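Heads up, the sequence shown is in this note's numbering, so the first residue is -2 and it goes up one at a time. Where a beta carbon is used, it is the ideal one built from N, C-alpha and C, also for glycine. On a predicted model such as this, the values are computed, not experimentally measured, just so you know.
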Amino acid sequence: MIRERRNKEKLASYYKKFMEEGIVDPNVHPWVAESWLRCRAMNLPHETMPKIHKLSREEIAEHQKTHEFIVKYVDGLYEQSKQHFNIHNLSMLLIDESGYVIKNYAMPFFQRIIEDIQGMRVLEEDVGTSSISVAREHNVPFLMFGPEMWIKDSHSGDACSAPICINGKIRYIISFFSLDQNDLPYDLLLSLLLTMKYSIEQHMAMLESWTINRIMMEQLPVTVYWLGKDGAVKYCNENGRKRLDGHEHLQDVFLNYEHIPIKKALKGVPTQRREITWITQDRTYEDITTVMPIKVGSEVESALVLSMSIEDLKTTIAHATGYSSRYSLYSMVGETNEFLALQHKAGRVARTDNNILLQGEPGTGKQRLAHGIHQASPRAAAPLIAVKCRNASLQELETEFFGADEGEQQSAGKLELAIGGTLFLDEVEKLPLEMGDKLAEALTHGLPPVKKGGAPRMFDVRVIAACDSNLKRLADKGLFSRKLYELVLDTTMRVPPLRERVKDIEVIAGHILVEMSAQHNLPQKRLSPEAVALLLNCSWPGNIKQLQGVIEQAFFHTPGSIIEAENIKLPGDKTLERSWKYDKEAFIAAWKSAGGNISKLASMLDVSRVTLYRYLKKYGLGPKSE
């Protein structure tokens, strides 16, 4: 607070009157008066400076280390203004938010040597009324004249203090104190104080912003380099440091440095999201790279490089979009004893780390059950990686499961993507014998190290395998890997066909209708009693998958809210088959009902996939991935 010059003799008389009679003169500044009254209530000595609480030498050293960034900056400000401090016999203190002196500059404070001052606490309860305590209490700069201070020994000089704030909160206090008997040039003093205050606050704001940005850069799965005009690295994050391997310049590490668009950026030409190959002596990085020029005014002074591994990017996207559980155990519905026993067992098994073998006819819901088990397990936050097993070449399958690491062609396999989570092997019986052995070996003992002398690559993965046939029989006949069979045999669960849980058909059908309504944002529909009776009389050879196809088709072909028996086309009913062959609208409706899934549509229409592809081409529709 900027104040007019006061008559110090009058101020001294006000001080004496208060000390002797306890009376506060109306001319005393109200903030000073309030402080005097508090000091009197605390029985603080006022003649000479009392013994003040002080940090130990070790604590002082740690204190200064904690605040070294701000200390270094204030050091620079002081050096630029040192002549003013010398001319006017000013002492300057840098104080933390708790009232401890971090560092003393120039002349001694209260006639003490520098070593005595640093580490002292200078709060109101320590030294009484001062510009420091008032500035701290009211969060404003404050000029205090000598006789207003609580300690009489300080009355020969004046003081002014200013809080250093970030987001309205006091972080530091900077304080000037004069021991000079002569009047000070207050305008100059206050101007210097406020200049320092705002300069420090701006510096701290930038420091805070830089700290936040630095933390972000360290945590992001991105390689970051900040390069000076000469190409030297001014900053890099942890990923960048790993690649630099102790070097200070990118060109010392990357063999193709001239082909990386860094020099273009230093000439003012940006490069955004370009596929760049970074080649070192040891390995090659395939990245999506952005290089941006940093200008000061119109001049390019530096360049910022942001580079993310293409494979890491693929993995991140995969985790965010596809490799997660879509169903819970409670998305499976039923009321029969067979179903409830299965659901209960799944819940118990999910909490263990056992590998699981799910056996059951096609369409019984093994995939949904696998998703539910993963979601109910301690691994739920980790990825669920599903693999549709197939009879392919050994090389193709090895690449799919184990990835590729051949020069510039690097990719993570499904096994690596599943680390910490669940690997779901759908239709596992189709996996070739040799591949089954290799997969079992990798799951048990890991893969050979990438580099000579390294440790084997181990995989913390839970396996859930689904099989449409008797896997034991296949293993006994030598048609399936015995090693993989024994590995997934920890827990075996039989998923019953729909014909063994007829009483669940109505419940399942109703649940499908609710899901359809929510998925397509359409009004809910329900089955009439006649429609339910029709469903109950069907054998459902395709199980729940087949039932779902029929219900979905009926959902889209029923104009009202009640699905009647005539709206349902059961398996083997040729009415729908005949209609879609010549009616484009009927085919499109069936296509939408199947969600663009070829297998589901083939089951609904009871037709081969080859025929479906012909009609898809005819009507200009494209299949979705399954």
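Three-state secondary structure (DSSP) of residue i
{"i": "residue 537", "result": "coil"}
{"i": "residue 36", "result": "helix"}
{"i": "residue 278", "result": "coil"}
{"i": "residue 225", "result": "strand"}
{"i": "residue 51", "result": "strand"}
{"i": "residue 100", "result": "strand"}
{"i": "residue 543", "result": "helix"}
{"i": "residue 560", "result": "strand"}
{"i": "residue 647", "result": "Residue 647 is absent from the structure shown; the chain starts at -2 and stops at 623."}
{"i": "residue 625", "result": "In the structure as shown, the chain starts at -2 and stops at 623, and residue 625 therefore has no counterpart that could be examined."}
{"i": "residue 566", "result": "coil"}
{"i": "residue 195", "result": "helix"}
{"i": "residue 204", "result": "helix"}
{"i": "residue 286", "result": "strand"}
{"i": "residue 131", "result": "helix"}
{"i": "residue 139", "result": "strand"}
{"i": "residue 457", "result": "coil"}
{"i": "residue 664", "result": "Since the first and last residues shown for the chain are -2 and 623, residue 664 lies out of range."}
Backbone CA spacing between residue i and residue j [nearest angstrom]
{"i": "residue 386", "j": "residue 205", "result": "52 Å"}
{"i": "residue 351", "j": "residue 305", "result": "36 Å"}
{"i": "residue 375", "j": "residue 420", "result": "14 Å"}
{"i": "residue 21", "j": "residue 0", "result": "19 Å"}
{"i": "residue 365", "j": "residue 329", "result": "8 Å"}
{"i": "residue 70", "j": "residue 17", "result": "45 Å"}
{"i": "residue 544", "j": "residue 222", "result": "57 Å"}
{"i": "residue 471", "j": "residue 388", "result": "15 Å"}
{"i": "residue 490", "j": "residue 354", "result": "6 Å"}
{"i": "residue 85", "j": "residue 161", "result": "23 Å"}
{"i": "residue 424", "j": "residue 208", "result": "51 Å"}
{"i": "residue 171", "j": "residue 239", "result": "41 Å"}
{"i": "residue 271", "j": "residue 114", "result": "58 Å"}
{"i": "residue 116", "j": "residue 299", "result": "41 Å"}
{"i": "residue 64", "j": "residue 32", "result": "29 Å"}
{"i": "residue 537", "j": "residue 401", "result": "43 Å"}
{"i": "residue 434", "j": "residue 267", "result": "51 Å"}
{"i": "residue 148", "j": "residue 3", "result": "19 Å"}
{"i": "residue 453", "j": "residue 214", "result": "31 Å"}
{"i": "residue 45", "j": "residue 301", "result": "58 Å"}
{"i": "residue 340", "j": "residue 326", "result": "7 Å"}
{"i": "residue 553", "j": "residue 414", "result": "38 Å"}
{"i": "residue 153", "j": "residue 290", "result": "56 Å"}
Proximity of residue i and residue j at Cβ, strictly below 9 Å
{"i": "residue 43", "j": "residue 125", "result": "yes"}
{"i": "residue 247", "j": "residue 217", "result": "no"}
{"i": "residue 462", "j": "residue 481", "result": "yes"}
{"i": "residue 156", "j": "residue 194", "result": "no"}
{"i": "residue 198", "j": "residue 163", "result": "yes"}
{"i": "residue 432", "j": "residue 394", "result": "yes"}
{"i": "residue 524", "j": "residue 559", "result": "yes"}
{"i": "residue 613", "j": "residue 588", "result": "yes"}
{"i": "residue 226", "j": "residue 265", "result": "no"}
{"i": "residue 546", "j": "residue 598", "result": "yes"}
{"i": "residue 381", "j": "residue 418", "result": "yes"}
{"i": "residue 370", "j": "residue 338", "result": "no"}
{"i": "residue 429", "j": "residue 391", "result": "yes"}
{"i": "residue 332", "j": "residue 487", "result": "no"}
{"i": "residue 361", "j": "residue 234", "result": "no"}
{"i": "residue 8", "j": "residue 142", "result": "yes"}
Residue of the options minimising C-alpha distance to residue i
{"i": "residue 80", "options": "21, 23, 185, 122", "result": "185"}
{"i": "residue 242", "options": "218, 357, 270, 277", "result": "277"}
{"i": "residue 123", "options": "100, 95, 290", "result": "95"}
{"i": "residue 250", "options": "410, 267, 229, 10", "result": "229"}
{"i": "residue 245", "options": "231, 257, 356, 34", "result": "231"}
{"i": "residue 324", "options": "333, 372, 337, 331", "result": "372"}
{"i": "residue 129", "options": "501, 102, 93", "result": "93"}
{"i": "residue 87", "options": "175, 54, 138, 45", "result": "175"}
{"i": "residue 519", "options": "549, 484, 503, 430", "result": "549"}
{"i": "residue 173", "options": "101, 233, 256", "result": "101"}
{"i": "residue 48", "options": "89, 120, 57", "result": "120"}
{"i": "residue 439", "options": "426, 38, 309, 412", "result": "412"}
Own chain partners of residue i with C-beta closer than 7 Å, once the 5 adjacent residues on each side are dropped
{"i": "residue 335", "result": "493, 497, 498"}
{"i": "residue 76", "result": "none"}
{"i": "residue 437", "result": "478, 480, 481, 484"}
Proximal residues to residue i (C-beta, below 8 Å), its chain only, five neighbours per side dropped
{"i": "residue 14", "result": "20, 22"}
Same chain only: Cβ atoms within 6 Å of residue i, ignoring 5 sequence neighbours per side
{"i": "residue 97", "result": "118"}
{"i": "residue 465", "result": "359"}
{"i": "residue 396", "result": "none"}
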